[in-house]
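Read the structure below first, then the notes.
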Amino acid sequence: MIEFRGVTKRFPDGTVAVDNLDLKVDAGKITVFVGPSGCGKTTSLRMINRMIEPSDGQILVNGNDIMQSDAADLRRGIGYVIQHAGLFPHRTIVDNIATVPLLLGWNKIKARKRATELMEIVGLAPEMAQRYPSQLSGGQQQRVGVARALAADPPVLLMDEPFSAVDPVVRESLQDELLRLQSELGKTIVFVTHDIDEAVKLGDKVAVLRVGGKLAQYDEPGVLLARPVDDFVDNFVGRDRGYRGLGFLSSDEIPLGELKTVTIGEAAPAGEEWVLVVDGERRPQGWLGAEQREGLETVSADRLVPGGSLYEIGSGSLRSALDAALSSPSGQGVAVDAQGAVAGAISADDVLRALDATRRDEQPS
Amino acid sequence: MILWDWIPRNLGTIGQQLLQHLQLSLIPVVVALVVSVPLGWLANRSPALRAVLVPAAGLLYTIPSIVLFVMLPGVLGTRIDSPLNIQIALTVYTVALLVRSVADALAAVPSMVVAAATAMGFRPGRRFVSVELPLAVPVLIAGLRVATVSNISLVSVGALIGVGGLGALLTQGFQEFFPTKIIIGVVLIVVLALLADALLLLLGRYITPWVRAGAGARSKA
Amino acid sequence: MNILNQLVSWFADPAHWSGSGGVPIRLLEHLYYSGLALLIGLVVALPIGLAVGHTGKGSFLIVGLANGLRALPELGVLILLVLFMGIGLIPVVIALSILAIPPLLAGAYAGIRNVDPAVVDAARGVGMREQQVLFKVELPNALPLILGGLRSAALQVIATAAVASFVSFGGFGRYIFDGLRIRDYPQMAAGALLVAALALAVEGVLALVQRSVVSPGLRASGGARRSPTADVASTPEPAQPDDPSPAPELAGVKR
Ligand SMILES: Nc1ncnc2c1ncn2[C@@H]1O[C@H](COP(=O)(O)OP(=O)(O)OP(=O)(O)O)[C@@H](O)[C@H]1O
Ligand SMILES: [Mg+2]
């Protein structure tokens, strides 16, 4: 666990980058610092490994005041990932990753072996081991940066906008990768970003800072979206926060409705209403409307209206349930089970009713 | 250590040597400038030529000046103490230094700028003179400054084989064991070099006002 | 051509290859003065260049020194030192070292300064101590420019060592000045050729050294990220690490 106690950073030129910060970072969780440019995110993060020294207050890591330990020793026990990865251009990938183990005095063979393991963990092909950073793509370099930070298995990981220099598609996959890694490793991660979507996606808790280095709100992402404490946070969280907040509400309570289905190869059903077409294993294929059915004798795959997003029962949020309903051509969202087979229908009304119920439950608190 | 009254008594000689020093060191700069702009342009246009010109320039730059001063009479048939040897040698060095600078500077002109100029209807020759060359001026001036300062200092080596402007003060001072001459010589050469450097710097600023405007904007960011 | 024949017969004469005035001895003398001066220059300039580059303190000194010394005529430095210290190895070697220092200093300083700040930051971030930052990260990344400075300094010293023969000293320059005195042009030309050959050979050897000690990771990047050392030499881009030609743009370099 990391604890800030009344931490202030005043730079020699008088700039107050962080102002009397009190904050507890939970062990084994991802905590995100988010806020507009210049609000002191980087400064706060870099004070944890003493890359910047606080002017006032105390920072404890696992109960120990960081000022009591030697700066270099402290840093060897804390992984650190920065924006452009900051890889050493004169060292091969495997040697970059082995940096901290070697600093800690491991022998070369053991350090390289560990580095090779880590390459696999972060999803780098083994043949990259002997390459140099300049021969890697931006996304690959960022993976190396993460691997280097993890090499000595530090309990704490500091990440300063690690994914902001890569394109959105790569960023998305790096974020997913980080979540997967975290579910296996359970590190205490402090993550800095100025992208609220990234913060909400990755954070177990999110700290919103305002310019001048003051903490504006520190909450779980769902709460942040549902109940911003003031206009600043509200503005920062941005438009659609109500809709995005649905992503943090469980949908287990929603009742499933009946859904009329027909299997490919069967006779086309009579009537006007929409019918969902499924295959032999009841996996959804598309929809048949009144128009498509005109003159149709048996149902085939080539005259279907494409379906919307699918809602997977058990693992979905209200957001995915509502999206399934809204994106379906018939207005009925398709709920599927873990095998992908159709389980029932979901309507937007059901989602809103579930939302109402959740609100009522939370009212007393 | 310095016999101050030696100076006024020999002002005439010193003046002549100074003049010769300037001729020996600056004429090569002018000639080299005229030669290296088209060479640099060629090197920039044709990769094959560049592959020859740039390494050749580097190789020439490796040859010590005293070597060229001594070898040129044998190659050109000039007298050993002819000023031409010094001037040609220094021209060679200056060209060697500038060709690469010009080629690099031209290569660094953003292709968007060249494309825009072409789109506006510039023909290649006109475009070179009014768009590409001006953008290469800062690099050119930087190269000229290095070459001019080196030349002014190198001319004195020529005194060893009989033509060296102020360098003669150094060799004579050594032979006559007369420190005044040496010190005056060294001081004048250094002052000359620094003056020329400063003048070129100012000239560069004067003819490329956009560079400083840009630099100011950048340093504020 | 006449001079060519004369040169060939000069080099073919066995008398020129033996004894205290023979080519091998002159070569050793030339290498000895140059090597010694370069070594002293390195011992003085490298620590200062690395320290100033690493801490950023005293940059103005290096910039001023590198630019100022370029204007100093090498012949003047040499003659003044000999005049005041007497003819001997020491004043000549000191003069040569003084000329070697600016390019060495500029190379070391610019090399360290040009290392990507993010890389240096990362080095501290993973827990390197200041010395480790300097020697494990900054120095290896600065090697191309440091060696560029070394090449410039070596050429400068070899050239000036030839000039030093004027103050009655050994080395290949002896042939030039002895020849000049007795109006023996072939001997002068032979001496000049030997100086040129030595300069080219040393340049070639140092280029090979550079190739073998600079990390391929720095070569692969092609110097694309490298920023110019404008504050030192106010000149064009420094030579790229894998470029065989020397870095004449570095301050203090003259031929
Ligand atoms: N070394 C320094 N000296 C003076 N002021 C500084 C220094 N470093 C940062 N600051 C100032 O402190 C404030 C906070 O900077 P910090 O880098 O922590 O911001 P940030 O939240 O990380 O912003 P960004 O999103 O742009 O990275 C800014 O106003 C910045 O200008
Ligand atoms: Mg920041």
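Protein chains in written order, with numbering that gives the first Met the number 0: chain V, 0 to 364; chain E, 0 to 220; chain L, 0 to 254.
Where is the CB? At the ideal position from N, CA and C, for every residue including glycine.
Legend entry - 8 Å Cβ cutoff met for Arg126/E and Ala116/E: yes
Legend entry - Beta carbon proximity, Ile2/L to chain E, threshold 8 Å: yes
Inset, instruction - Could you list the residues in the stretch 85-102 of chain V with a C-beta less than 8 Å from some C-beta on chain L, going in chain order? - result: Gly85, Leu86, Phe87, Pro88, His89, Arg90, Thr91, Thr98, Val99, Leu102
Inset, instruction - With a 10 Å radius around its C-beta and 16 neighbouring C-beta atoms as the bar for buried, classify Ile89/L as buried or exposed. - result: exposed
Inset, instruction - List the residues of chain L whose Cβ lies closer than 8 Å to the Cβ of Leu169/E, in chain order. - result: Residues of chain L with a Cβ closer than 8 Å to the Cβ of Leu169/E are, in chain order, Pro72, Leu74, Gly75, Ile78.
Legend entry - Three-pair Cβ contact test at 8 Å for the stretch 90-102 of chain E versus the stretch 42-61 of chain E: Yes, the stretch 90-102 of chain E touches the stretch 42-61 of chain E.
Legend entry - Local Cβ density within 10 Å of Trp273/V, reported as buried at 16 or more and exposed below that: It is buried - the Cβ of Trp273/V has at least 16 other Cβ atoms within 10 Å.
Legend entry - Endpoints, beta strand (DSSP E) assigned at Arg209/V: 204-209
Inset, instruction - Please go through the stretch 103-182 of chain V and give each complete alpha helix (DSSP H) segment of 4 or more residues, from N-terminal end onward. - result: 107-120, 137-149
Legend entry - Where the alpha helix (DSSP H) containing Gln19/E begins and where it ends: 10-44
Inset, instruction - Output, in sequence order along the chain, the residues in the stretch 182-204 of chain E whose CB is closer than 7 Å to any CB in chain L. - result: Gly184, Val185, Ile188, Val189, Ala192, Leu193
Inset, instruction - Could you tell me whether the Cβ of Ser35/E comes closer than 8 Å to any Cβ of chain L? - result: no
Inset, instruction - Check whether the stretch 187-203 of chain L touches the stretch 144-158 of chain L, counting contact only when three or more Cβ pairs, one atom from each stretch, lie closer than 8 Å. - result: yes
Legend entry - Beta-carbon contacts of Ala220/E that lie in its chain and below 6 Å, excluding the five residues immediately before and after: Its pLDDT being 35, under 50, Ala220/E is placed unreliably by the model, and nothing is read from it.
Inset, instruction - Pull up the CB-CB distance for Pro102/L and Ala152/L, whole angstroms please, since I reckon it's below 8 Å. - result: 4 Å
Inset, instruction - Identify the contact partners of Asn48/V in chain L, using a Cβ-Cβ distance below 7 Å as the criterion. - result: Gly124
Inset, instruction - Quick one: grab the DSSP three-state call for Asn19/V. - result: Here Asn19/V sits in strand by DSSP.
Inset, instruction - Collect the residues with a C-beta less than 7 Å away from any heavy atom of ligand 4 and give them in sequence order along the chain. - result: With respect to ligand 4, the structure shown offers nothing to examine, as its ligands consist of ligand 1 and ligand 2.
Legend entry - For Asp296/V, the three-state DSSP class (helix, strand or coil): First, the amino acid is wrong: residue 296/V is Glu here, not Asp. The answer is coil: DSSP assigns Glu296/V none of H, G, I, E or B.
Inset, instruction - Could you check the C-alpha separation between Lys204/V and Val80/V for me, to the nearest Å? - result: 19 Å
Legend entry - Ala36/L: contacting residues in chain E (beta-carbon distance under 9 Å): Those do not exist, as Ala36/L stays about 15 Å from chain E at its closest Cβ, beyond 9 Å.
Legend entry - Partner residues on chain E for Glu28/L, Cβ-Cβ distance less than 9 Å: Ordered by position in chain E, no residue passes the 9 Å Cβ test against Glu28/L, which lies about 16 Å from the chain.
Legend entry - Same chain, Cβ closer than 8 Å to His266/L, neighbours up to 5 away in sequence not counted: Only positions 0 to 254 of chain L appear in the structure, and residue 266/L is not among them; the question remains open.
Inset, instruction - Starting from Ser155/E, find everything on chain A with Cβ-Cβ shorter than 7 Å and list it in chain order. - result: This model lacks chain A altogether, as its protein chains are V, E and L.
Inset, instruction - Only counting runs of 4 or more residues, tell me where the alpha helix (DSSP H) segments fall wholly within the stretch 311-360 of chain V, in order along the chain. - result: 317-326
Inset, instruction - Note down, in chain order, each residue of its chain lying with its Cβ closer than 8 Å to the Cβ of Leu193/L, except the 5 sequence neighbours on either side. - result: Excluding positions up to five away in sequence, the list reads Val22, Arg25, Leu26, Phe171, Tyr174.
Legend entry - Any C-beta of chain L under 8 Å from that of Ala148/E: First, the residue type needs correcting, since residue 148/E is Val and not Ala in the sequence shown. So, interface residue.
Legend entry - Beta-carbon proximity of Leu193/E to Ile181/E, cut-off 8 Å: no
Inset, instruction - Establish whether the CB of Pro154/V and some CB of chain L are separated by less than 8 Å. - result: no
Legend entry - Inter-stretch contact at 8 Å, needing at least 3 Cβ pairs: the stretch 301-315 of chain V / the stretch 196-212 of chain V: no
Inset, instruction - Check whether the Cβ of His83/V lies closer than 7 Å to any heavy atom of ligand 1, and answer yes or no. - result: His83/V Cβ: outside cutoff for every heavy atom of ligand 1.
Legend entry - CB contact below 8 Å: Glu202/L versus chain E: yes
Inset, instruction - Could you tell me whether the Cβ atoms of Asp159/V and Leu44/V are closer together than 8 Å? - result: yes
Inset, instruction - Taking C-beta pairs closer than 9 Å, name the residues in chain E that Ala195/L reaches, listed in chain order. - result: Thr61, Ile62, Pro63, Val66, Leu67, Met70
Inset, instruction - Over the uninterrupted beta strand (DSSP E) stretch that includes Arg4/V, give me the two end residues. - result: 1-9
Legend entry - Option in Val143/V, Pro153/V, Gln141/V, Met66/V with minimal Cα separation from Ala26/V: Pro153/V
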